[in-house]
Ligand code: SF4
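Protein chains in written order, with the numbering used here: chain A, 2 to 147; chain B, 7 to 549.
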């Protein structure tokens with residue numbers, strides 16, 4: 002079983018995260034935790050300073066965190082983006098696609114199941130923020146580069 | 007018709023294996039029902055009152071003969087010999103064994119079909135016009151767009167756990183045969199100069215709080231449609247209500263924010279997203295388009311139809327619609343026999359219709375949201391032969407858009423959410439109004455029945471709608487008048503206190519009597535209702 006999963010090179014951030022409110026106040030912290038109802042865009046002015054953003058999933062069915070993650074990546078955030086809370090093996094792939102690169106679920110995950118999930122789908126239909134080439138780009142390689 | 011390439015096929019095949027793995031874990035006891043439920047629900051497998059129900063996607067309602075035959079095979083091999091076509095143009099099998107579900111999906115994958123996103127709080131099957139590609143007044147064929155959207159919405163990572171389910175419809179004619187404005191998002195393709203783009207409507211829907219979707223954009227160009235939709239969905243995903251299941255659809259968000267504010271937020275999001283290269287290149291739509299190109303029609307065919315047989319002539323007048331190609335016609339096959347179950351078809355009927363599609367309709371058929379089927383490309387010279395075969399199979403009912411063409415959800419006979427039985431009521435009503443002359447005299451009259459407030463039977467959009475409710479443990483039926491799902495979309499109003507099953511049948515008879523007494527020349531039921539209002543109907547029912 003795995004308690005923590007990271008797809009980043011190097012060490013994961015150990016810094017304890019603070020709330021969005023205290024972060025955007027005067028905190029010097031470089032780690033912040035977004036709750037489901039909070040607006041990820043509030044962090045955009047501080048992206049350079051951040052090394053860890055945790056996005057909390059109170060229930061895996063609460064999909065707000067996917068948008069939060071993608072918004073941060075679209076805005077150029079390059080630090081660690083960690084999904085925490087009710088994260089199950091079935092969510093790892095869509096979360097990866099939305100820009101999460103580390104996971105700290107409430108309940109540990111089964112390694113084998115994670116491996117299977119990660120390799121299940123060779124192709125994806127959408128362009129997101131994970132750099133994977135969508136099927137339409139593969140279909141038209143002469144037009145869509147990168 | 008669209009055909010999968012190796013990418014499409016590998017995605018569907020991978021889904022089958024994933025689901026097989028999940029089912030095996032469940033059967034082996036590694037997953038509890040609670041853990042398994044959300045997984046099976048991502049793949050259209052519901053646990054109903056008596057058995058598992060599997061809902062299979064029929065993307066934008068289009069099927070080939072080969073696919074239709076496969077559905078017949080599934081009905082025969084894994085169900086009790088029939089299937090049920092739904093108001094979402096999908097098909098449901100009601101008597102499925104859990105252990106069989108992966109094999110069924112594997113068989114479906116061999117004919118490029120699946121059950122992906124036929125349930126769950128995600129983007130559901132894209133719906134479109136059953137006359138797409140053959141309607142005379144079409145701006146462009148909406149099916150290539152629908153296919154583009156099917157691919158885009160399949161496993162969309164950001165929009166897999168929305169506040170609630172999400173339905174998108176795309177049409178391309180002024181006439182709306184698909185209840186476009188009663189979808190979470192409706193796209194109407196239009197032309198601006200030489201460019202095709204979409205008018206966008208958002209926040210329509212039925213259920214507990216029915217709404218006709220307001221327009222939020224008058225034109226989104228072809229190469230911005232994906233980022234625009236992503237913006238619409240992102241605003242919904244972030245701000246749609248998650249505290250109350252009954253207030254979680256996008257219609258509530260649009261309503262609570264106000265259309266202008268929702269629009270503003272979408273535009274703001276869109277401004278950020280449209281520069282991200284999210285839209286496939288035009289070449290992708292161009293790649294899809296030829297799959298839907300006009301089939302090889304024969305030229306110079308006669309438009310003559312021999313109407314010698316009166317029963318045939320009656321059927322032609324009712325079930326056959328104008329095709330844009332001379333010598334051809336569109337055939338509507340009624341799945342509403344008198345006393346039958348709306349939308350049900352037996353395996354034998356499914357096979358027969360597959361044969362007809364193959365031999366007479368250039369290998370194509372369509373499913374309509376009114377739970378009927380369509381043969382879109384039929385030579386007029388073949389109509390009589392088709393009619394005879396349909397007649398032998400009990401499929402030659404001539405009641406399209408008449409009172410006998412009832413939409414009904416599965417209701418309490420199958421559905422675990424139901425308050426009341428829709429099917430027996432539909433059967434009673436179709437028997438009460440069985441006379442073809444009477445139906446013809448009543449003219450266009452859309453009767454729609456839902457077994458609970460979820461409104462799968464579109465009761466709000468019925469000229470006459472019926473809603474099953476539970477009154478102190480007894481089934482009770484509310485009556486609504488004046489709804490429409492067409493281009494003149496409106497929501498039905500409740501007449502007053504509800505009725506027993508027999509009581510509602512009587513009440514509807516009274517309603518039709520008032521219409522016959524009050525109608526002006528050429529008025530449909532809906533027109534008369536709109537002109538004279540609820541009062542006379544109410545007096546007749548309760549007076
Ligand atoms: S309207 Fe209600 S009873 Fe009918 S199918 Fe939908 S959920 Fe079930």
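Note that CB positions come from ideal geometry on N, CA and C, so glycine has one too. Nothing here was measured: the structure is a model prediction, and the numbers come from that model.
- Between ligand 1 and residue 532 of chain B, a heavy atom-to-CB distance of less than 7 angstroms is absent.
- Residue pairing of residue 217 of chain B in beta bridges, as defined by DSSP: B/211.
- Along the segment 416-483 of chain B, the alpha helix (DSSP H) occurs as fully enclosed runs of 4 or more residues at 429-438, 442-448, listed in sequence order.
- Among the residues facing chain A, residue 35 of chain B is not included, as its CB has no counterpart in that chain under 8 angstroms away.
- Where residue 25 of chain B is concerned, there is no enclosing beta strand (DSSP E), although the alpha helix (DSSP H) around it starts and stops at 12-33.
- Shown here is that no member of the segment 476-492 of chain B has a Cβ falling below 7 angstroms from a Cβ of chain A.
- Residue state for residue 67 of chain B is assigned as helix, using DSSP reduced to three classes.
- What residue 174 of chain B touches in chain A, judged by beta-carbon distance under 9 angstroms, is nothing: the nearest beta carbon there is about 15 angstroms away.
- For residue 416 of chain B, the shortest separation between its Cβ and any heavy atom of ligand 1 lies below 7 angstroms.
- Residue contact check for residue 20 of chain A against chain B: no CB pair falls below 8 angstroms.
- In this structure, residue 101 of chain B sits away from residue 82 of chain B, with a CB-CB distance that is not shorter than 8 angstroms.
- Within the same chain, and ignoring the five residues on either side of residue 146 of chain B in sequence, the residues whose Cβ sits closer than 6 angstroms to its Cβ are 178, 195, 202.
- Under the criterion of beta carbons closer than 8 angstroms, residue 68 of chain B and residue 149 of chain B qualify as touching, at roughly 7 angstroms.
- For residue 543 of chain B and residue 402 of chain B, the gap between their C-alpha atoms comes out near 33 angstroms.
- Around the CB of residue 347 of chain B, 16 or more other CB atoms lie within 10 Å, so the residue is classed as buried.
- For the 8 angstroms CB-CB criterion, residue 185 of chain B and residue 307 of chain B do not form a contact.
- The DSSP-derived three-state label of residue 48 of chain B is coil.
- Distance from the C-beta of residue 127 of chain B to the nearest heavy atom of ligand 1 is not below 7 angstroms.
- Residue 305 of chain B carries a coil assignment under DSSP once its states are collapsed to helix, strand and coil.
- The continuous beta strand (DSSP E) containing residue 62 of chain B extends over residues 58-62.
- Of the candidates B/16, B/394, B/19, B/197, the residue whose Cα lies closest to the Cα of residue 315 of chain B is B/394.
- Straight-line measurement puts the Cα of residue 256 of chain B at about 11 angstroms from the Cα of residue 248 of chain B.
- For residue 66 of chain A, the uninterrupted alpha helix (DSSP H) segment begins and ends at 65-75.
- Residue 175 of chain B has its alpha-carbon roughly 32 angstroms from the corresponding atom of residue 89 of chain A.
- Interface flag for residue 17 of chain B against chain A is set, since a Cβ pair is found closer than 8 angstroms.
- Excluding five sequence positions before and after residue 520 of chain B, the CB atoms of its chain that fall closer than 7 angstroms to its own CB belong to 542, 543, 546, given in chain order.
- Between residue 96 of chain B and residue 131 of chain B, the gap from beta carbon to beta carbon is short of 8 angstroms.
- For residue 161 of chain B, the C-beta contacts it makes with chain A under 9 angstroms involve 94, 95, 98, 122, 125, 126, 127, in order along the chain.
- With a cutoff of 7 angstroms, residue 463 of chain B counts as near ligand 1, since its C-beta is closer than that to a heavy atom of the ligand.
- When DSSP states are grouped into helix, strand and coil, residue 260 of chain B belongs to the helix group.
- Residue 238 of chain B sits in a helix when the DSSP states are folded into three classes.
- Closer than 8 angstroms at the C-beta level to chain B, one finds these residues of the segment 50-66 of chain A: 61, 62, 63, 64, 65.
- Residue contact with chain B for residue 144 of chain A: present (Cβ-Cβ distance below 8 angstroms to some residue of chain B).
- Here DSSP, grouped into helix, strand and coil, assigns residue 548 of chain B to helix.
- Residue-level contact check: residue 75 of chain A touches chain B, since one or more beta carbons of chain B fall below 8 angstroms from its beta carbon.
- Around the C-beta of residue 485 of chain B, 16 or more other C-beta atoms lie within 10 Å, and the residue is accordingly described as buried.
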